[in-house]
Structure formats: C-alpha cells, structure tokens
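To convert a position in the sequence shown, counted from 1, into my numbering, add 53. Idealized CB from N, CA, C, for every residue including glycine.
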Amino acid sequence: MRTVTRWHRKVLAFAACAAVVIGSSGAAGTLAAGPAIASPSTLGDTGSVVSSRPLAPQFWVPGSADATVLTYVTTDTFGNKALSTGTVFIPEGTAPPGGWPVISWAHGTSGIGDDCAPSVRGPGLPERDLPYLAKWMQQGYAIVASDYAGLGTPGLHAYLDGRTTAHNVVDMVRAGREVSASLPAAQRLSRSWAAVGQSQGGGAAIYTARYATQFGGPALDYRGAVGTGTPAYIERLVQIAGPGVPPVAITPALTAYLSYITAGLRYAHPELGIDRILTPTGRKYVALAETQCVGEFEEQLRGVSVGDYFSAPLTSLPNFSATLADYLGMPEKGFDKPFFMGHGLLDTDVPYPTTAAYAATLAANGQPVTFRTYPSDHSGTLVRSQADTIPFLDRLFGK
Numbered sequence: 054m055r056t057v058t059r060w061h062r063k064v065l066a067f068a069a070c071a072a073v074v075i076g077s078s079g080a081a082g083t084l085a086a087g088p089a090i091a092s093p094s095t096l097g098d099t100g101s102v103v104s105s106r107p108l109a110p111q112f113w114v115p116g117s118a119d120a121t122v123l124t125y126v127t128t129d130t131f132g133n134k135a136l137s138t139g140t141v142f143i144p145e146g147t148a149p150p151g152g153w154p155v156i157s158w159a160h161g162t163s164g165i166g167d168d169c170a171p172s173v174r175g176p177g178l179p180e181r182d183l184p185y186l187a188k189w190m191q192q193g194y195a196i197v198a199s200d201y202a203g204l205g206t207p208g209l210h211a212y213l214d215g216r217t218t219a220h221n222v223v224d225m226v227r228a229g230r231e232v233s234a235s236l237p238a239a240q241r242l243s244r245s246w247a248a249v250g251q252s253q254g255g256g257a258a259i260y261t262a263r264y265a266t267q268f269g270g271p272a273l274d275y276r277g278a279v280g281t282g283t284p285a286y287i288e289r290l291v292q293i294a295g296p297g298v299p300p301v302a303i304t305p306a307l308t309a310y311l312s313y314i315t316a317g318l319r320y321a322h323p324e325l326g327i328d329r330i331l332t333p334t335g336r337k338y339v340a341l342a343e344t345q346c347v348g349e350f351e352e353q354l355r356g357v358s359v360g361d362y363f364s365a366p367l368t369s370l371p372n373f374s375a376t377l378a379d380y381l382g383m384p385e386k387g388f389d390k391p392f393f394m395g396h397g398l399l400d401t402d403v404p405y406p407t408t409a410a411y412a413a414t415l416a417a418n419g420q421p422v423t424f425r426t427y428p429s430d431h432s433g434t435l436v437r438s439q440a441d442t443i444p445f446l447d448r449l450f451g452k
C-alpha cells in the first residue's frame, strides 16, 4: 500500500509540473514539456523526456551556458519503466562537429529521500563536485547528471542497486540528447559519451561500464568510464551484520550507508522479510533513512550502533546471501571498453582492501581496467585523480 500511495501522490505532482516550458538561457532554445503521466503503464520509451524546468542558478556547474532539469523515462529496481530526474549542463562556446561529447555524471551518496536529489538541493559537496565537473566542462564535455530513479520521483531509490543506476545513467544520455535537439546546433550533444562517478556514483559508473553498450544500443557511442571511491564487495561486509555486530563502533557515515542499504534492500526485496528481525531501534533508523539526506542523517546517528538494529543475523533470513549478492554485487567480466578506477589509501568511507580485491579480480579476468591509488581520503581522491582521468578519457575520445 505504501508504494501505491507514493506513486499516485507523486504522479499528481508531476502532472502539475508537466506543463512547464523551459525559458532560454543565453543562446539556448526552448523545450516544450511532455504530457502529464497518469500511470507507469503510459510511460514512453526509456530515455524519453516527460517535462523540463530550469535548474536553480546556484547549482549550475561553472562554465555552463544552460542548465536544464529533465524528468525522463528509465528503468527501476523491479525492471519496470519508471521516472527519474536529472540535469543537462551545456558548455559555453560552440560545440565541435557532431555536438559536445558527453559525460554522464553519477553522483555520490546524497540520501534516498525525495528532497535529497541533486537537482533539488544541489550536490552533496558543492565545494568539491562543482569545481570537479567544471574541469571536465573546460575540456569540452557537456555533462548530464541523473538523480537516479526514486530520488524525487515515484518509488524509493534502491540504494547501491548497480543495474538500476546503470539504466538511469545511460537513459540520462538519451534524455539529454533529446532535449538538446531543440537547441541551436552549437549547443547540441554528441552521441559519444562516457560515464564518470564518485563513491555510490563510482559503483554506478563501473556497473554502467559493463552494460553501457547493451543498454545504450546503436544510437549511442559509449567510449569508457571512470569510477573513484568505488564500493565493491560490500555484500561481504553487510552480510555479517546482526545483534552486536559489528562489535566495535563505526563512523556515522558508515552507519548511514548501512541504513540506506537496508532500506533499499527492504524496498527492492520485500520477500526477504527484513522487518521481522529489525529491533525498535532498527525500525526507527531504517524508517528515517527513507527521508533523511546524508549530512543530516549522520548527525542523528552519532552514538548509534548498527549492532542494535537487528534481533537476529541478516543471514538468518531465507536466501539472504544470494539476494544481497545480486543486489550489491559488481560485475567481474564482460566489459567491452576501457575503464579507470581510482581509490584513496586513506579512504575511511569505502574500504580500500575490498575495492583493491575487486580490481585484482578484474585484472585476473582480463578486463580492460586501469587501477590507480592515491595518498588521499575519499573526497581527496576524486580531485587528485583528475590529473589522470582527464587524459584517460581524452584519449578514448580521440583528443
């Protein structure tokens, strides 16, 4: 009942805004919004644009000539058509022949509540992300940035569900190209693109790298990917959780991540019956996870122990380990284009050993991965790695 109610409540909101028409910014053209959406069954093709609006100016990537928030059709955690929002940033200047090459940016953890979407409240760390994205734009890339399905759209965001976010990231490129087709030729987007992401988005970018060619089809020209602070083999850590486990205190950030994972897994796989083993403390904070954005949530989690969330081990739930591996697991084979992974040796948000083990597995499997480490923490790696990732992608685009 909660999901049905959530859907109809949000559909009314989208119906109200579906008549929005984006005004021009600088030399930008105008795009008429799509029709109101009555139910999931009426959604068009994945990547099609439903509506649009201007992005609040304070959230623009420096160097943008135009920034437009789109509502577009994608795929959710259940494999059904769904809505997502995302933003298209058009660079200043004139696009090269064929249009601006595209970076599909996959953002890091912001939360899973509707108010946590970057197009609503801006990047989680604007002082880090906006200059980072501006450097890509200075290199001549347009940027499209999915909020991910469920962040500000019907349904709950299935946190760290890589396959779903891969769909969202790919479909955002389609949506961006559709909206840019109504702009002057100097502002249109190319069919050539790459995925770039950090933290949660690092996982999304690497998962996208595995399926980009398949999900994008012949209409798009996928070149490669970059993922930094990539969470990998997280399922090995999550499945040990239970009463009193972990036995030592962990950071509020890690507690928030586990809370988001639990909420997302409960939503995507109700058959697990996670509620049966949640204590009153667990029910309280998993419920809060569905609405609280990460910064505020971390403050509320100070002094809270994950070991108090559960009355029995998570592995006591039927088929839990297999379901968790399917939900959180990262692909180890099948990559068809080069991709870059960077990780900080001082990262306390995403453990270095598990990501290094994943990178070693990829290399052993003959996958086209470049793995680099940096003497940095989680955020510092994103910034420091750009000296390597810009030339890496430039080569893939023939620059």
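Have a look at the options and flag the residue whose alpha-carbon is nearest the alpha-carbon of residue i.
{"i": "Ala187", "options": "Arg336, Pro115, Ile303 and Ala340", "result": "Pro115"}
{"i": "Thr376", "options": "Gly387, Ile327 and Phe363", "result": "Ile327"}
{"i": "Pro333", "options": "Leu354, Gly161, Asp361 and Ala278", "result": "Asp361"}
{"i": "Arg336", "options": "Gln439, Val357 and Val347", "result": "Val357"}
{"i": "Thr128", "options": "Thr217, Thr121, Ala118 and Arg174", "result": "Thr217"}
{"i": "Ile165", "options": "Ala148, Arg425, Ala135 and Ala211", "result": "Ala211"}
{"i": "Phe388", "options": "Ile196, Leu311, Arg263 and Thr206", "result": "Arg263"}
{"i": "Pro323", "options": "Gly297, Asn372, Val301 and Ala342", "result": "Asn372"}
{"i": "Val222", "options": "Ala413, Ser235, Thr95 and Phe268", "result": "Phe268"}
{"i": "Gly317", "options": "Ala342, Leu136, Pro299 and Ala412", "result": "Ala342"}
{"i": "Ala340", "options": "Gly348, Thr315, Arg355 and Ala321", "result": "Thr315"}
{"i": "Ala198", "options": "Ala159, Phe363 and Pro154", "result": "Ala159"}
Between the alpha carbons of residue i and residue j, how many angstroms are there, rounded?
{"i": "Ile418", "j": "Pro391", "result": "The residue you asked about is not Ile; residue 418 is Asn in the sequence shown. The alpha-carbon atoms of Asn418 and Pro391 are separated by roughly 14 Å."}
{"i": "Leu123", "j": "Ser369", "result": "42 Å"}
{"i": "Gly82", "j": "Ser233", "result": "The pLDDT assigned to Gly82 is 35, lower than 50, so where the model puts this residue is not dependable; a value taken from the coordinates is nonetheless given after this. For Gly82 and Ser233, the distance between alpha carbons rounds to 9 Å."}
{"i": "Gln439", "j": "Gly175", "result": "21 Å"}
{"i": "Ile293", "j": "Val103", "result": "42 Å"}
{"i": "Asp98", "j": "Thr121", "result": "20 Å"}
{"i": "Tyr313", "j": "Thr138", "result": "20 Å"}
{"i": "Leu290", "j": "Leu415", "result": "20 Å"}
{"i": "Ala202", "j": "Phe112", "result": "20 Å"}
{"i": "Ile156", "j": "Ala148", "result": "14 Å"}
{"i": "Ala13", "j": "Pro296", "result": "A query on residue 13 cannot be resolved here, the shown segment of the chain reaching from 54 to 452 and no further."}
{"i": "Ser172", "j": "Ser105", "result": "12 Å"}
{"i": "Asp119", "j": "Ala238", "result": "14 Å"}
{"i": "Asp400", "j": "Gly255", "result": "14 Å"}
{"i": "Ser101", "j": "Gly229", "result": "9 Å"}
{"i": "Ser243", "j": "Leu449", "result": "14 Å"}
{"i": "Leu136", "j": "Thr407", "result": "33 Å"}
{"i": "Ala409", "j": "Tyr260", "result": "16 Å"}
{"i": "Pro366", "j": "Pro305", "result": "21 Å"}
{"i": "Pro110", "j": "Leu183", "result": "12 Å"}
{"i": "Glu351", "j": "Gly451", "result": "43 Å"}
{"i": "Arg355", "j": "Gln240", "result": "47 Å"}
Which first and last residues belong to the alpha helix (DSSP H) in which residue i is found?
{"i": "Tyr136", "result": "It should be noted that the sequence gives Leu, not Tyr, for residue 136. Here Leu136 belongs to no alpha helix (DSSP H); instead the beta strand (DSSP E) covers Lys134 to Pro144."}
{"i": "Thr121", "result": "Thr121 -> not in any alpha helix (DSSP H); beta strand (DSSP E) instead, spanning Ser117 to Thr128."}
{"i": "Val114", "result": "No alpha helix (DSSP H) contains Val114, which DSSP labels as neither H nor E."}
{"i": "Ser364", "result": "Per DSSP, Ser364 belongs to no alpha helix (DSSP H) and is neither H nor E."}
{"i": "Phe268", "result": "Gln253 to Gly269"}
Over what stretch of residues does the beta strand (DSSP E) that includes residue i continue unbroken?
{"i": "Met394", "result": "Phe392 to Gly397"}
{"i": "Trp158", "result": "Trp153 to Ala159"}
{"i": "Gly356", "result": "Run containing Gly356: none; DSSP gives neither H nor E here."}
Residue i CB to nearest chain C CB: under 8 Å?
{"i": "Pro366", "result": "Included in the structure is just one protein chain, with no chain C present."}
Does the beta-carbon of residue i, which I'm using as the reference point, lie nearer than 7 Å to any heavy atom of the ligand FAD?
{"i": "Tyr405", "result": "This structure does not include the ligand FAD; it has no bound ligands of any sort."}
Three-pair Cβ contact test at 8 Å for the stretch 393-402 versus the stretch 279-296: In this structure the stretch 393-402 lies against the stretch 279-296, because at least three pairs of beta carbons, one per stretch, are closer than 8 Å.
Can we say the stretch 177-197 touches the stretch 142-155, given the rule of at least three CB pairs closer than 8 Å? Contact between the stretch 177-197 and the stretch 142-155 is present: three or more C-beta pairs spanning the two stretches fall below 8 Å.
Which runs of the alpha helix (DSSP H) spanning at least 4 residues fall entirely within the stretch 272-359, listed in chain order? 287-291, 305-321, 333-342 and 347-353
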